[in-house]
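All residue numbers for the sequence shown refer to our numbering, where the first residue is 3 and numbers rise by one. Where a beta carbon is used, it is the ideal one built from N, C-alpha and C, also for glycine. Please read these numbers as outputs of a predicted model, since none were measured by experiment. To start, the structure itself, in structure tokens.
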Amino acid sequence: MKLSQVNLLDPDRFIRQEHHEMFRVLRDQAPVMLHQSPNGSAFWNLVKHADLVEANRDTGRFSSEIGGISIPDYDDRADEGAMDTRGVMMLTTDPPKHTRYRRLVNKGFTPRMIGLIEQYLRHRAILIVDNVIEKGEADFVVDIASELPLQAIAEIMGVPQQDRMMLFEWSNRLIGIDDPEYSDEGNDGAMAAMELYAYTNQLAKDRAANPRDDIVTKLINAEIDGDKLSELEFDMFMLLLTVAGNETTRNATAHGMLALMDNPEQFKVIKESPDGVTDTHIDEILRWATPVLHFRRTATEDTEIGGQHIDKGDKVVLWYISANRDEEVFDDPFTFDVNRTPNEQIAFGGGGAHYCLGANLAKMELRLIFQEIADRMPDIHRVGEPEWLRSNFIGGVKHLPVAWTPGKKVNPGPAPDQNLSTLV
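Now the structure itself:
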């Protein structure tokens, strides 16, 4: 592929999985390249690991708030109903505003809360496999990969488990704006956001009257030095939690299972591991999957990165999917190796203020579901091709047909739609 053939704005090339070759060309020939955009201003691409880590950690030079985190400007997306989240969603704020926001929402992600939910999610992983194991076949994404993150986010948010599929639908519509399966004229992302806000605002009203041990109760009561989240900030965080807590872990699970099925010797390593599924195994799955392909920043001053001068106000796009295949950091980066060490994957961001708030929760979910699959569905294999999300933002797997030798349930009867608060 020639440098002139690189086009990172065409989502169909991501469906065809051509992006890895485009990024290989960029890393080799133009690691900080100005990419022209037909319907907006040009943007710089960062594709090397070191440059992404530098930009991620320097919020003073590279802002998430000035222009947001999407390649198109908000003005260019107004006719799509895009909401301007700058300054009110944690992803699109800079310190010190981001620091204040994070201190408030951290109250919902304490070690106690994560520890409390682990036993619950371990039981949930058993029930998820129970729900399909007798059938011997499934759509891995819909029936298995989506379930644990959905149930975890429903639990954390205080959403009744029987309502969790609404979160699944809303997040698909919010992320899949360029995919015809999820988006049409009467079913767009803006409408999904409005439906989600209405639902979570009703949750907030209920928790104000009937407090519970969930994040909604914590957020509406969180206060630091007399400062509380506004209603709009609460809405934005619930949207972020729904999408980030669902889409990313679901797609890491799907990508990881696809890689394990396509590399059976690596699946064997996990199945025979004396310590079970480990953080080392999960780090390679995350490196391989990199569910969030990119975030955008805006230069706050004339600066330089990767030897390239950047003007104040320029767009800078950080391609995590490319950094996690950087030949200067990862030996043989296109080989899937679950025992890879060291593994400086940056699927959760390259450190700094915007490092993923739910990273530990996501890793825990991945360990639990892959352990359950390895123990109870050891011969799982795919029986069709994966269907990829039409997006250059999320590396999504929509469908993945799989089969295995049918087994027995551990817990007889249907999986209960119960929340943790009803079980402890």
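Query                                                                                                         : Result
Other residues of its chain near Y199: CB distance less than 8 Å, five sequence neighbours each side excluded : D237, M240 and L241
Span of the alpha helix (DSSP H) around Q310                                                                  : Premise fails: Q310 lies in the beta strand (DSSP E), Q310 to I312, not in any alpha helix (DSSP H).
M35 - DSSP class collapsed to helix/strand/coil                                                               : strand
Option in Q121, G117, I119 and A147 with minimal Cα separation from V131                                      : A147
Inter-stretch contact at 8 Å, needing at least 3 Cβ pairs: the region 111-127 / the region 190-209            : no
At least three beta-carbon pairs within less than 8 Å, the region 54-70 to the region 332-352                 : yes
Backbone CA spacing between H22 and K400 [nearest angstrom]                                                   : 19 Å
DSSP state of L234 mapped onto helix, strand, coil                                                            : helix
For P403, the first and last residue of its enclosing beta strand (DSSP E)                                    : P403 to A405
Cβ distance (whole Å) where R88 is taken to contact G62 below 8 Å                                             : Contact doesn't hold; Cβ gap of about 17 Å is too wide.
Exposure of L311, with buried meaning 16 or more beta-carbon neighbours within 10 Å                           : The residue asked about is misnamed: residue 311 is His in this sequence, not Leu. Classification for H311: exposed.
Nearest-angstrom Cβ-Cβ length linking G278 and Q373, presumed shorter than 8 Å                                : 5 Å
Exposed unless 16 or more other CB atoms sit within 10 angstroms - verdict on G386                            : exposed
The region 261-279 in contact with the region 43-50 per 3-pair CB rule at 8 Å                                 : no
CB contact flag (K273, P380, <7 Å)                                                                            : yes
Assigned secondary structure, V412 (DSSP; H/G/I helix, E/B strand, else coil)                                 : coil
Counterpart residues of K317 in DSSP-defined beta bridges                                                     : F45 and T300
Pairwise C-alpha distance: V218 and L169                                                                      : 15 Å
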